[in-house]
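Just so we're aligned, residue -19 is where the sequence shown starts under our numbering, counting upward by one.
For every residue, glycine included, the Cβ atom is placed at its ideal position computed from N, Cα and C.
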Amino acid sequence: MAFLRVPPKGAKVAPWVPELIFAPVSRAFERLGVYFYNRVISRTEIGLFDKRWNKNIHGPYCHWRYYGKPDVKLMDVKISELGAWFARREKTPGALYNEFMRNIWRVHNLYFSGPVYNNTIKTVFRFIFLFSFVNWIAKFQRYMDFQKARYHCIMSSTSKDKLSDDEKDNGDYKRCVRFRNRLDTENVEPDNDYTNNLNSRIVPDVTVEFLYKSHTISVLVCLCFFLIYTAFMSDDSNTSVNAYKGLKAGCVLFIIVSALAFPNGPFIRPHPILWRIIFGISVLYLILLQFTVFQSFRDIKDTLKWLDPVRLQNEKLDEKEYAVNCSDITLERIWSHMDIFAVGHFLGWTMKALLIRHTIICWYISIAWEITELFFTHLLPNFAECWWDAIGLDILLCNGLGIFVGTYICKLLEMREFHWESIKSIRTTKGKFKRAVLQFTPESWLKVDWFKNTAIKRFLCVYLFVMIWLVSELNTFFLKHIFAVDTYHPLVFYRIILIGLISAPSIRQFYVFATDPRVSRLGMQAWVYCAVCALEAAICIKFGRQQFMTLELGLISLWIFILALGSFASVWLSVWWAKYSSKTKEMNVNRKLRHCYLDSSAENLSTLQDCDLKKRKPWTEERDAYHSDFK
């Protein structure tokens, strides 16, 4: 505050600062600073240098250095000794302030600018940017809450007309329940036409006709020319290479045929051909598994060695042991477990939450998998891990954070309004680019509600869903352990990606089969996925007989029984939570009291919208008109 001090006598002051005003104001500011130093800074030592700092010993003062007595690093302290470690630290306001600033500077030097001294301005601006970003996230959350309130609170008079007189008098018309009387689940019969339309959806509002035409003749000509040219121009002197090329060409031909002839499935974004190709690849994988079941273990190992002579020649897999010295818990050891698998847990459960779209089922499967690892430890010792690793890192941290992020994305997509206007009607380049990006987002987002009541069918469907899910997870570990395939090998990665792509339409088809009363049979993609899981399990049982000699049937039976109890508990808890959280409301539907969901679902809205049904050529309408003439 030296610039506010009274200038010496004889000094010239600018004419716009009268001395009668400047002198008392400057003295007041100076006294205020002295008062603040004497009453606050000198007593709390906040903002002062550390008393333990000695210029002759330590050199220039650095905010990120610790000048106290040498002690064990925090990351090396055992969890049981953390209390004693913190008790040795000084707890004065000045010491706490210096410790806080020291860690801020350490983080800044590690992740922002490195060990520099004169970077204060950059630090200030970076923290301002970080604060602005966090503030934007908080405001965006409030904005989405407001959008959700608007989504559920319909103030129009049309919504008021749908309610009864008592509800109008009570003012309940602000929150409108969307349902259709024709889909009263107690009276609906399975419909084969509806099921066919659901398993082979039609793209509504096609604007670029060229992208949605089959082009069968063009594809046939190009395919024949390419394959015949490749066959005649390639060298056929090596038998194994010829077999490999022939199999590869056959797979390509099958995938092209599947892209032209297979059904679209439940998804139509970004393009139905993508999901037809995925369906074709899943069928190829199913055929490969069926072929593998009839082979010998040595033939399969020779084939794997032929594919990758370096990384697939091992006869035994060396895996990392996690259940070692579990009582030694330090922050450094906990941090060492945060490897690529922790990131895989987080990303995997984010995707699983996007597919399942039900928080209770996600948490149930996450806990059930840790229980499954516990019961199958006698077969796969790699499943053994410390209790703090299974509960703290896997279930609560990685899986829980992934479930939270996935369900949050579901809520955002559920409330988002998609404008699928024609790209030809967009004039600006920015608008065309935005519409092109939207092509890779869902065409619509179905709000998933797995539970309407505790009916036996719903319980069995959830139990079957969880069992298939856990068996698919077990197949991953058993296959790579039996055939000695390293975890980092591309085969493991590609199989996980393939299973993830197959499971997306399979879960949708299984969900509508379990919840929509108009669906008469299970979708083909879900059928293929179940067959894939069964054949993978058969391969594990056939070629892992030496391991399964130690199988304890009592443990497996107890595991199946615990999963049945868990499925029943998840059904009951979901129904209770839906009523407790006001997700349902009693409504008069066809003179019957029903608990209707406040969000759109297959419980009170059809899975297929009217626009999808109208896209079908009305051969069913012609049939109904034909029959009506004879009535």
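- Task: Check whether the Cβ atoms of I347 and I375 sit closer than 8 Å, and answer yes or no.
- Result: Position 367 of the sequence shown holds residue 347. Position 395 of the sequence shown holds residue 375. Taking the C-beta atoms as reference points, I375 is found nearer than 8 Å to I347.
- Query: Quick one: what's K58 bridged to in DSSP?
  - Reply: Position 78 of the sequence shown, counting from 1, holds the residue named residue 58. According to DSSP, K58 bridges with T310.
- Mind checking W315: buried by the 16 CB within 10 Å criterion, or exposed? The residue labelled residue 315 in the question sits at position 335 within the sequence shown. The residue in question, W315, is exposed, as its Cβ has fewer than 16 Cβ neighbours within 10 Å.
- Query: Whose CA, out of I21, F277 and I1, lies closest to the CA of F523?
  - Reply: Position 543 of the sequence shown, counted from the start, is the residue given in the question as residue 523. Nearest C-alpha to F523: F277.
- Give a yes or no on whether the C-beta atoms belonging to L311 and L54 are separated by under 8 Å. Start at 1 with the first residue of the sequence shown, and residue 311 comes out as number 331. Start at 1 with the first residue of the sequence shown, and residue 54 comes out as number 74. Going by C-beta atoms, L311 is nearer than 8 Å to L54.
- Message: Buried or exposed, going by whether 16 or more other CB atoms sit within 10 Å of the CB of Q293?
- Response: For the purposes of this step, residue 293 is identified with residue 313 of the sequence shown, where counting begins at 1. Answer is exposed; the Cβ neighbour count stays below 16.
- Message: For H338 and T387, I'd like the C-alpha separation in whole angstroms.
- Response: As a working note, residue 338 is residue 358 in the sequence shown. As a working note, residue 387 is residue 407 in the sequence shown. Rounded to the nearest angstrom, the two C-alpha atoms are 8 Å apart.
- From the DSSP output, in three-state form, read off W556 for me. On the sequence shown, position 576 is the one that residue 556 refers to. Helix at W556.
- Task: Inspect the CB distances between the segment 489 to 496 and the segment 545 to 556 and report whether three or more fall short of 8 Å.
- Result: no
- Just the Cα atoms here: how many angstroms apart are T330 and L481? For this step, residue 330 is matched to residue 350 along the sequence shown. For this step, residue 481 is matched to residue 501 along the sequence shown. Using only the alpha carbons, I get a separation of about 14 Å.
- Task: Pull up the distance between the alpha-carbon of N78 and that of A118, whole angstroms please.
- Result: Here residue 78 refers to the residue found at position 98 when the sequence shown is read from its first residue. Here residue 118 refers to the residue found at position 138 when the sequence shown is read from its first residue. Near 29 Å, if we compare the C-alpha coordinates of A118 and N78.
- Task: Take Y46 and list the residues in its own chain whose beta-carbon comes closer than 8 Å to its own, dropping the five residues that flank it on each side.
- Result: As a position in the sequence shown, residue 46 is number 66, starting the count at 1. Excluding residues within five positions, the ones whose Cβ falls inside 8 Å are R82.
- Message: Which same chain residues end up closer than 8 Å to I476 when comparing Cβ atoms and leaving out the 5 residues on each side of it in sequence?
- Response: Position 496 of the sequence shown holds residue 476. If we look at I476 and ignore the five residues flanking it on each side, its Cβ neighbours are T456.
- Message: According to DSSP, is V14 part of a helix, a strand, or is it coil?
- Response: Taking the sequence shown and counting its residues from 1, the one referred to as residue 14 is at position 34. If DSSP states are grouped into helix, strand and coil, V14 belongs with the helices.
- Integer Cβ distance of H469 from R291, believed to fall under 8 Å: On the sequence shown, residue 469 is found 489 positions in, with the first residue counted as 1. On the sequence shown, residue 291 is found 311 positions in, with the first residue counted as 1. Going by Cβ atoms, the distance from H469 to R291 rounds to 6 Å, so yes, they are a contact pair.
- Item | 8 Å contact criterion, which T622 and I519 should meet: CB distance rounded | This structure does not reach residue 622, given that the chain is present from -19 up to 611, and the question cannot be answered.
- Do A239 and G226 have their C-beta atoms closer together than 8 Å? Here residue 239 corresponds to residue number 259 of the sequence shown, with the count starting at 1. Here residue 226 corresponds to residue number 246 of the sequence shown, with the count starting at 1. No. Outside cutoff.
- Message: Please classify S581 as buried or exposed, where buried requires at least 16 neighbouring CB atoms within 10 angstroms.
- Response: Within the sequence shown, the letter at position 601 stands for residue 581. Below a pLDDT of 50, predicted positions are generally treated as unreliable, and S581, at 41, falls in that range; no measurement from the model is reported.
- Message: Considering only their Cβ atoms, is the gap separating C366 from A322 smaller than 8 Å?
- Response: One-based indexing of the sequence shown puts residue 322 at position 342. One-based indexing of the sequence shown puts residue 366 at position 386. Cβ distance not < 8 Å, so A322 and C366 don't count as in contact.
- Task: Assuming L327 contacts G382 (C-beta within less than 8 Å), just tell me the rounded distance between them.
- Result: Along the sequence shown, read from residue 1 onward, the residue named residue 327 stands at position 347. Along the sequence shown, read from residue 1 onward, the residue named residue 382 stands at position 402. Correct: roughly 7 Å between the Cβ atoms.
- Message: Rounding to the nearest angstrom, what Cα-Cα distance links A241 and A511 in this structure?
- Response: Position 261 of the sequence shown, counted from the start, is the residue given in the question as residue 241. Position 531 of the sequence shown, counted from the start, is the residue given in the question as residue 511. Whole-angstrom Cα-Cα distance: 21 Å.
- Message: Here's a check: name, in chain order, each residue in its chain whose Cβ is nearer than 8 Å to the Cβ of D145, leaving out the five neighbours to either side.
- Response: Taking the sequence shown and counting its residues from 1, the one referred to as residue 145 is at position 165. Annotation note: pLDDT 49 at D145 (below 50); position unreliable, coordinate value reported separately. Same-chain partners within the cutoff: there are none.
- Message: Quick check on L533: buried or exposed, where buried means 16 or more other Cβ atoms within 10 Å of its Cβ?
- Response: The residue you call residue 533 lines up with position 553 of the sequence shown. With fewer than 16 other Cβ atoms within 10 Å, it is exposed.
- Query: Would you say I280 and F463 are within 8 Å of each other, going by their C-beta atoms?
  - Reply: For the purposes of this step, residue 280 is identified with residue 300 of the sequence shown, where counting begins at 1. For the purposes of this step, residue 463 is identified with residue 483 of the sequence shown, where counting begins at 1. Yes.
- Message: Using a 10 Å radius around the Cβ and a threshold of 16 neighbouring Cβ atoms, would you call K332 buried or exposed?
- Response: Working through the sequence shown from its first residue, we reach residue 332 at position 352. Buried, because 16 or more other Cβ atoms sit within 10 Å of the Cβ of K332.
- Excluding the five sequence neighbours on either side, which residues of its own chain have a C-beta within less than 6 Å of the C-beta of D288, listed in chain order? Taking the first residue of the sequence shown as 1, we reach residue 288 at position 308. Taken in chain order, the list of residues that qualify is empty.
- CA-CA distance, L28 and R69? Within the sequence shown, the letter at position 48 stands for residue 28. Within the sequence shown, the letter at position 89 stands for residue 69. So the alpha carbons of these two residues sit roughly 18 Å apart.
- Run the CB neighbour count on P485, radius 10 Å, all protein chains shown included, and call it buried at 16 or more, exposed below. What you label residue 485 is simply residue 505 of the sequence shown in a count that begins at 1. Buried, because 16 or more other Cβ atoms sit within 10 Å of the Cβ of P485.
- Message: In the DSSP assignment, the alpha helix (DSSP H) including H461 goes from what residue to what residue?
- Response: For the purposes of this step, residue 461 is taken as residue 481 along the sequence shown, with counting starting at 1. I436 to I462 is the extent of the alpha helix (DSSP H) around H461.
- Item | Three-state secondary structure assigned by DSSP to F528 | Taking the sequence shown and counting its residues from 1, one reaches residue 528 at position 548. Helix at F528.
- Message: Within a Cβ cutoff of 6 Å, which residues of the same chain sit near A364, ignoring the five residues on either side of it in sequence?
- Response: Translated into the one-based positions of the sequence shown, residue 364 becomes position 384. The residues are A303 and T357.
- Query: What is the DSSP secondary structure of E70, counted as helix, strand or coil?
  - Reply: Position 90 of the sequence shown holds residue 70. Coil, per DSSP.
- Sorted by chain position, which residues of the same chain lie with C-beta nearer than 7 Å to A370's C-beta, five sequence neighbours on each side aside? Locating residue 370 in the sequence shown gives position 390, where the first residue counts as 1. These residues qualify, in order along the chain: E350.
- Query: The alpha helix (DSSP H) spanning W286 covers which residue range?
  - Reply: Position 306 of the sequence shown, counting from 1, holds the residue named residue 286. Per DSSP, W286 belongs to the alpha helix (DSSP H) from F277 to L287.
- Task: Could you round the C-beta distance between V451 and C513 to whole angstroms and report it? I think they count as a contact, below 8 Å.
- Result: If you number the sequence shown from 1, residue 451 lands on position 471. If you number the sequence shown from 1, residue 513 lands on position 533. That pair is a contact at about 5 Å.
- Message: I'd like the list of long-range same chain contacts for H43, defined as Cβ closer than 7 Å, with 5 residues on each side in sequence excluded.
- Response: As a first step, residue 43 must be located in the sequence shown, where it is residue number 63. Same-chain partners within the cutoff: M81, R82 and W85.
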